[in-house]
Amino acid sequence: MSQAVRVITLNMDGRDISARGDQTILQVARENNMYIPTLCHITGLSRVGSCRLCLVEIKGINKLLPACVTRVEEGMEVKLSSERLDKYRRSILELLFSERNHVCAVCVSNGHCELQNLAQKLNMTHVHFDYRYPRLPVDGSHERFVLDHNRCILCTRCVRVCDEIEGAHTWDMLGRGVNAQVITDLNQPWGDSETCTGCGKCINVCPTGALVEKGKSVREMTKQRQFLPYLTLMRERRW
Amino acid sequence: MTPEELGEITAKQEESERQFKHRLHVCTAAGCLSSGSDKVKAALEKEVKDRGLEHQCKVKGVGCMGLCANGPLVADKPSNVMYQNVTEDDAADIVKSLDTEPVARLECPTEMPFFRRQVKIVLENCGRVDPEQIEDYIAASGYEALVKALTEYSPGEVVEQVLRSGLRGRGGAGYPTGLKWGTVAKTDADKKYVVCNADEGDPGAFMDRSVLESDPHRVLEGMAIAGYAVDATQGYIYVRAEYPLAIKNLKTAIRQAEKLGLLGNNIFGTTHSFHIELRLGAGAFVCGEETALIASIEGKRGTPRPRPPFPAAEGLWGYPTLINNVETFANIPPILRNGGDWFARIGTEKSKGTKVFALAGRVLNTGLIEVPMGITLREIIFDIGGGVPDGRNFKAVQTGGPSGGCIPAEFLDMPVDYESLKKLGSIMGSGGMIVMDDTSCMVDVAKYFMEFCMSESCGKCVPCRVGTYQMHELLEKITAGKASAKDVLVLEELCDLVMNTSLCGLGQSSPNPVLSTLRYFRNEYLAHVDEKKCPSGVCQIHSGEEVTA
């Protein structure tokens, strides 16, 4: 018999809510249809807390904490949104837009992009930081897929899905700071990769148009995410 | 090894030292080594041999004596005459004068405040013992604290002593060491680890480097005591690969300690076993952050992860891990030897003991110093440091490296402790202290540290990765005389964002140099922005680009 998990109550944005003690703030919020923006997080993969969009305010704690990794506790008072949080979240999105070359009008993911959707949802009307306009390559060496570094936000979903679900670990990170980038194998062209199975999971978890299928035109790239919760459930239940 | 055997080694070592009428201590730590102390040592050895004085005079390589500005340093024991700026050519004169008057032109005034005002606990053996000889360390009461801990104290009592000492983490944040030890000790796990953070990376800081190079056994002893206190049998020292001498001396020290049974299985015949291994960092500043350091030891990419869980609960390979800095561990043996209460009598109410600082920049006596907590900045810079050279005026002192801030002249009389420095918008940090005079432009200083943070950001979280880049761009713009008043507002906004939303300490503290210079030297920023002028004349601003309304 599994160890009993404590049931606790907490308060989110003024609502009293009951939850299991092993859940994260994000899980509880979603169960109760309360919105917290996320970008690096995707259910079914490990949680890294790197995009910082899901930061929430917790009464009695000075620091803002990421909802995706912070466990709920008895009596916790959480603010999922506030003027300050909204401002920070917009600024973080603006930083992402300023970092690389996100040109929605010519993007295959236009209309299906998580970054774009978040910008709309959080009322990001403009970017008040200077754009970096870096010169970045596009890797089209794979027969079915394309990697466009210009649209990558370094969420590492591709790295995690390839390692944790597919078990290939084709993707990894190279460099640091703004010079960090995703790579295949030991920074070889994707088409030459000996570990890539061509499963396409990375394409489907990528939130933007950085990883896409070849042959798509503007707005045509839609991503299929159903496989992830399904595979996770299968593994949990050992089907 | 038994406690009695330890005493025998001490007696034998003291006896062998007594055989020599003179012992010439030559600093062989990084500072003096870079100005050629290895050649000085060889020349002295040759001179002693040529004169047939081998049985009267011993030339001994020791660790840092502190006054790095005037290296290479040579000291004669037991007369305590000290020589500075020694070259190979001076060897003959020094050896010739051993039984007569000291060589006046080389003499270093050991009566000056630089030496008198210091209180040495961590550095007590630096410049005294040969770092490559365990017997020398043992003769200086080495491993006595470990014997005492293992034979007289229970693990709980060791933690109690550390708690009573009031020692706080010397890596910078100042978390109470006893509390951390107690937390790890209380966790229930099959395995626990002790990790020594020797990934010192602040620009201008070399405290840990000196301790490791000059007195490596002290750190090993501190770790072994920690292992006993928290019930860990394996320790790792994460040391940066840029410290080859520290690594060499540590390797030698570990081998010697293992050979004598001071590390390994059943230390002093007790049930306590403790092993130490080295792990070399590959040059990333962020690996000084504890979760990134753990990832790096595990062989992964050195990036931090959100805390909690803290390493004390889930650290190396998921096991409870005690992580302390080099200087923290170096404080442990004297605390155990003399008792926690002894240590608690030194320093201020909330900051106990001493702190080692690497004094650098525009100050006469650059080098390594150890001072009691609560000493004022003025005493450090003007008494010990000897003030600003070339008749220039003091402008600010930077503490805490890229995570710290600049403190202006008006606060020179503030005591140096964790709380006071924090109140001033800086931090204690690991102990880097850079003095600046009126030839420094504070915007340029802020830009320097921001560039450091930007290039050392691991790139994992967005605010640090892109925020430090954007802040650096704005500082570039300001120093180039191309910024508007709005840019300063955006810079301040970014400081607030990056400080409050970054994942780890690197990002969270990266705005500190900017915030503190904005706080105390805002007029310098405004001069760059409004008048397109750099008051210190450091920044190259081309007036031709000025737009007149």
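Line by line, the protein sequences give chains A and B.
One point on numbering: in this note's numbering, the residue at position 48 of the first sequence is 48, and numbering is uninterrupted.
For this note's numbering, add 239 to where a residue sits in the second sequence, where the first one is 1.
We put the beta carbon where it would ideally sit given N, CA and C, even for glycine.
Using the C-alpha atoms, what's the distance from A:C155 back to B:G625? In the second sequence, the residue the question calls residue 625 of chain B occupies position 386. In the first sequence, the residue the question calls residue 155 of chain A occupies position 155. Distance between the alpha carbons of B:G625 and A:C155: 51 Å.
What do you reckon, are the CB atoms on A:C104 and A:Q116 nearer than 8 Å? Start at 1 with the first residue of the first sequence, and residue 104 of chain A comes out as number 104. Start at 1 with the first residue of the first sequence, and residue 116 of chain A comes out as number 116. Taking 8 Å as the cut-off, the beta carbon of A:C104 is found closer than this to the beta carbon of A:Q116.
Does B:N751 have its Cβ less than 8 Å from a Cβ in chain A? On the second sequence, position 512 is the one that residue 751 of chain B refers to. Using beta-carbon distances, B:N751 does not count as an interface residue toward chain A, since no partner is under 8 Å.
Is it a yes or a no for the stretch 633-651 of chain B touching the stretch 564-578 of chain B, going by three-plus beta-carbon pairs under 8 Å? The stretch 633-651 of chain B vs the stretch 564-578 of chain B: no contact.
With H, G and I counted as helix, E and B as strand and the rest as coil, what does DSSP make of B:E293? Within the second sequence, the letter at position 54 stands for residue 293 of chain B. Here B:E293 sits in coil by DSSP.
Identify whether B:R257 lies in helix, strand or coil by the three-state DSSP scheme. Position 18 of the second sequence, counted from the start, is the residue given in the question as residue 257 of chain B. Helix.
State yes or no: is the C-beta of B:G475 within less than 8 Å of the C-beta of B:Y432? Working through the second sequence from its first residue, we reach residue 475 of chain B at position 236. Working through the second sequence from its first residue, we reach residue 432 of chain B at position 193. Reading off the sequence shown, one finds Tyr at residue 475 of chain B, where the question assumed Gly. Going by C-beta atoms, B:Y475 is nearer than 8 Å to B:Y432.
Report buried or exposed for B:K662, applying the criterion of at least 16 other Cβ atoms within 10 angstroms of its Cβ. To locate residue 662 of chain B, count along the second sequence from 1; it is residue 423. By the 10 Å Cβ count, B:K662 comes out exposed.
Taking the straight line between their C-alpha atoms, what separation do you get for B:L499 and B:K539? Position 260 of the second sequence holds residue 499 of chain B. Position 300 of the second sequence holds residue 539 of chain B. Each residue's CA atom was taken as its position, placing B:L499 and B:K539 some 34 Å apart.
Leaving out five residues before and five after B:N364 in sequence, what residues of the same chain have Cβ atoms less than 6 Å from its Cβ? Taking the first residue of the second sequence as position 1, residue 364 of chain B is located at position 125. Answer for B:N364: A379, D454, listed in chain order.
Does the distance from the C-beta atom of B:T530 to that of B:P550 stay below 8 Å? Your numbering for residue 530 of chain B matches position 291 in the second sequence. Your numbering for residue 550 of chain B matches position 311 in the second sequence. A contact, by the Cβ cut-off of 8 Å.
Skipping 5 residues on each side, what residues in its chain have a beta carbon closer than 8 Å to that of A:E213? Here residue 213 of chain A corresponds to residue number 213 of the first sequence, with the count starting at 1. Around A:E213: R144, F145, V146, G200, I203, M221.
Positions along the stretch 683-714 of chain B whose CB lies within less than 8 Å of some CB in chain A: M693, S694, E695, S696, C697, G698, K699, C700, V701, P702, R704, V705, G706, T707, Y708, Q709, E712
Does the CB of B:V729 have a neighbour CB from chain A at under 8 Å? In the second sequence, the residue the question calls residue 729 of chain B occupies position 490. Yes - at least one Cβ of chain A is within 8 Å of the one on B:V729.
Report buried or exposed for B:W556, applying the criterion of at least 16 other Cβ atoms within 10 angstroms of its Cβ. As a first step, residue 556 of chain B must be located in the second sequence, where it is residue number 317. Burial state of B:W556 is exposed, judged by a 10 Å Cβ sphere holding fewer than 16 other Cβ atoms.
Where does B:T390 sit, in a helix, a strand or coil, going by DSSP? As a first step, residue 390 of chain B must be located in the second sequence, where it is residue number 151. Looking at B:T390 - three-state DSSP - the assignment turns out to be helix.
Which whole-angstrom value is the C-beta distance of B:K591 and B:L402, which I expect to be below 8 Å? Taking the second sequence and counting its residues from 1, one reaches residue 591 of chain B at position 352. Taking the second sequence and counting its residues from 1, one reaches residue 402 of chain B at position 163. Wrong, their Cβ atoms sit about 11 Å apart, outside the cutoff.
Going by other Cβ atoms of all chains shown within 10 Å of its Cβ, with 16 needed for buried, is B:K335 buried or exposed? Position 96 of the second sequence, counted from the start, is the residue given in the question as residue 335 of chain B. Flag for B:K335 reads exposed.
Name the residue from A:K59, A:L231, A:R89, A:N11 whose alpha carbon lies nearest to the alpha carbon of A:E164. As a working mapping, residue 164 of chain A is identified with position 164 in the first sequence. Considering only alpha carbons, the answer is A:L231.
Look at the alpha carbon of B:I248 and the alpha carbon of B:F507, and state the distance between them as a whole number of angstroms. Reading the second sequence from its first residue, position 9 is the one you call residue 248 of chain B. Reading the second sequence from its first residue, position 268 is the one you call residue 507 of chain B. Those two C-alpha atoms are separated by around 14 Å.
Exposure of B:D447, with buried meaning 16 or more beta-carbon neighbours within 10 Å: Locating residue 447 of chain B in the second sequence gives position 208, where the first residue counts as 1. Around the beta carbon of B:D447, a 10 Å sphere encloses 16 or more other beta carbons of the protein chains shown; the residue is thus reported as buried.
Selected residue, minimal CA-CA separation from B:T422, among B:D438, B:V398, B:A444, B:L501: Here residue 422 of chain B is taken as the residue at index 183 of the second sequence, counted from 1. Cα-wise, what sits closest to B:T422 is B:V398.
Within 9 Å of chain B by C-beta, residues of the stretch 122-152 of chain A in sequence order: H128, F129, D130, R132
According to the neighbour-count rule (16 or more other Cβ atoms, all chains shown, within 10 Å of its Cβ), is B:A343 buried or exposed? Within the second sequence, the letter at position 104 stands for residue 343 of chain B. That one is exposed.
Euclidean distance between Cα positions of B:F524 and B:E695: Residue numbering aside, residue 524 of chain B sits at position 285 when the second sequence is read from its first letter. Residue numbering aside, residue 695 of chain B sits at position 456 when the second sequence is read from its first letter. In a straight line, the C-alpha of B:F524 is about 6 Å away from that of B:E695.
Which of the three DSSP states, helix, strand or coil, is assigned to B:N577? Within the second sequence, numbered from 1, the residue matching residue 577 of chain B stands at position 338. When DSSP states are grouped into helix, strand and coil, B:N577 belongs to the helix group.
Name the DSSP beta bridge partners of A:W171, please? Along the first sequence, read from residue 1 onward, the residue named residue 171 of chain A stands at position 171. Answer by DSSP bridge pairing, in chain order: A:T184.
Just checking my contact of B:K634 with B:M689 at CB under 8 Å: how many whole Å lie between their CB atoms? What you label residue 634 of chain B is simply residue 395 of the second sequence in a count that begins at 1. What you label residue 689 of chain B is simply residue 450 of the second sequence in a count that begins at 1. Beta-carbon to beta-carbon, B:K634 and B:M689 are separated by about 19 Å, too far to satisfy the 8 Å threshold.
Around the Cβ of B:T294, are there at least 16 other Cβ atoms within 10 angstroms (buried) or fewer (exposed)? On the second sequence, residue 294 of chain B is found 55 positions in, with the first residue counted as 1. First, the residue type needs correcting, since residue 294 of chain B is His and not Thr in the sequence shown. Answer is exposed; the Cβ neighbour count stays below 16.
On the DSSP letters alone, give me the boundaries of the alpha helix (DSSP H) that B:D447 sits inside. Counting from 1 along the second sequence, the entry for residue 447 of chain B is found at position 208. 446-453 is the extent of the alpha helix (DSSP H) around B:D447.
Please confirm whether A:D139 and A:W171 have their CB atoms less than 8 Å apart. Along the first sequence, read from residue 1 onward, the residue named residue 139 of chain A stands at position 139. Along the first sequence, read from residue 1 onward, the residue named residue 171 of chain A stands at position 171. Against a cut-off of 8 Å, the Cβ pair of A:W171 and A:D139 comes out as no contact.
To the nearest angstrom, how far is the alpha carbon of B:E371 from that of B:C266? The sequence position of residue 371 of chain B within the second sequence is 132, counting from 1. The sequence position of residue 266 of chain B within the second sequence is 27, counting from 1. So the two alpha carbons sit approximately 13 Å from each other.
Give me the Cα-Cα distance between A:C54 and A:V48, rounded to the nearest whole angstrom. Taking the first sequence and counting its residues from 1, one reaches residue 54 of chain A at position 54. Taking the first sequence and counting its residues from 1, one reaches residue 48 of chain A at position 48. Computed Cα separation, rounded: 12 Å.
Is there a Cβ from chain A that is less than 8 Å from the Cβ of B:A722? Indexing the second sequence from 1 puts residue 722 of chain B at position 483. It does not: the Cβ of B:A722 has no partner Cβ on chain A nearer than 8 Å.
Please give me, in chain order, every unbroken run of the alpha helix (DSSP H) with length at least 4 that falls completely inside the stretch 340-427 of chain B. 352-355, 373-378, 383-391, 394-404, 416-425
Of the choices A:S91, A:V218, A:C206, A:Y88, whose alpha-carbon is the least far from that of A:L39? What you label residue 39 of chain A is simply residue 39 of the first sequence in a count that begins at 1. For the options A:S91, A:V218, A:C206, A:Y88, the alpha carbon positioned closest to that of A:L39 is the one of A:C206.
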